[in-house]
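See structure below.
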Amino acid sequence: MSRDHGTDRHQAAPRGGRALRLGIGGPVGGGKTALTAALCPVLRDELRLAVVTNDIYTTEDADFLRRAGVLADDRIAAVRTNCCPHTAIRDDIAANLDAVEAHEAAHGPLDLVIIESGGDNLTATFSRGLADAQIFVLDVAGGDKVPRKGGPGVTRSDLLVINKADLAPLVGADLEVMLGDAHRVRDGLPVVLTSIRKSPDVPEIADWVRARLGVAATGPS
Ligand SMILES: Nc1nc2c(ncn2[C@@H]2O[C@H](COP(=O)(O)OP(=O)(O)O)[C@@H](O)[C@H]2O)c(=O)[nH]1
Ligand SMILES: [Mg+2]
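Every letter in the sequence shown is one number past the one before it in the working numbering, and letter 176, counting from 1, is 232.
This is the structure in structure tokens:
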């Protein structure tokens, strides 16, 4: 797809027969790792999967996913960015591309590689040279103002996930306002309101991924 993602200076990589590279981005704590951990068990029996995580100084998210046993350990690779997370997913994507290609060499052919960004701010999106499609995850606990604040992740990601709906009453967030603002700024692009805590099989998001791959659901969702 040819949507402009701000300062992206990489060309979209041709798909050919290779895996779909799906970026999951968004601010710290929104639920990117939780979404990755939720998608893997739902999709791993129907798709050939691998994951790349990004952390600034640690391998925390990859360690979490391995402990949770969502995929075989060697299908989860960690990139330590040592810099602002957006740099590694947008400006200098080499370490992430290396990790994706190492998965493809070791386990290929694959259908889907999920790349979880380190938590960043509303300006951070994946380069089209790294991710063929991207999901942006927002946290209801961040306040119901966030969708209308915009930014390329909110307005132009391929799927916007507003997560932690279960926390709305606790933080006084109006979900109708969040959804309404999100739809208004996204001009027809899809939005999913969810609670990964309450709905760990993330049916709408899994179906969206299947649709991106052009495959039908194989089991109950
Ligand atoms: N209440 C609630 N907590 C959630 C939900 N999704 C994730 N969390 C929690 O939010 C925290 C941050 O989630 P994480 O996936 O690590 O966020 P990331 O920084 O975006 O990767 C963790 O303690 C999760 O268990 C949700 O739907 N509801
Ligand atoms: Mg994370």
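Glycine included, every Cβ here is placed at the ideal spot set by N, Cα and C.
Counting every other CB atom within 10 Å of its CB across the protein chains shown gives residue 172 a total of 16 or more, marking it as buried. With fewer than three CB-CB distances shorter than 8 Å, the segment 243 to 256 does not count as touching the segment 68 to 80. In the structure shown, residue 209 falls within a helical segment according to DSSP collapsed to helix, strand and coil. One Cα belongs to residue 100, the other to residue 241, and the distance between them is close to 33 Å.
Between ligand 1 and residue 117, a heavy atom-to-CB distance of less than 8 Å is present. Short note on residue 63: C-beta not closer than 8 Å to any heavy atom of ligand 2.
Straight-line spacing of the CA atoms in residue 205 and residue 106 works out to 33 Å. By the neighbour-count criterion, in which 16 or more other beta carbons inside 10 Å mark a residue as buried, residue 212 falls on the buried side. In this structure, residue 234 places its C-beta atom within 9 Å of the C-beta atom of residue 218. Distances from the CA of residue 137 to each of 270, 121, 145 were compared; the closest alpha carbon is that of 145.
The DSSP-derived three-state label of residue 102 is coil.
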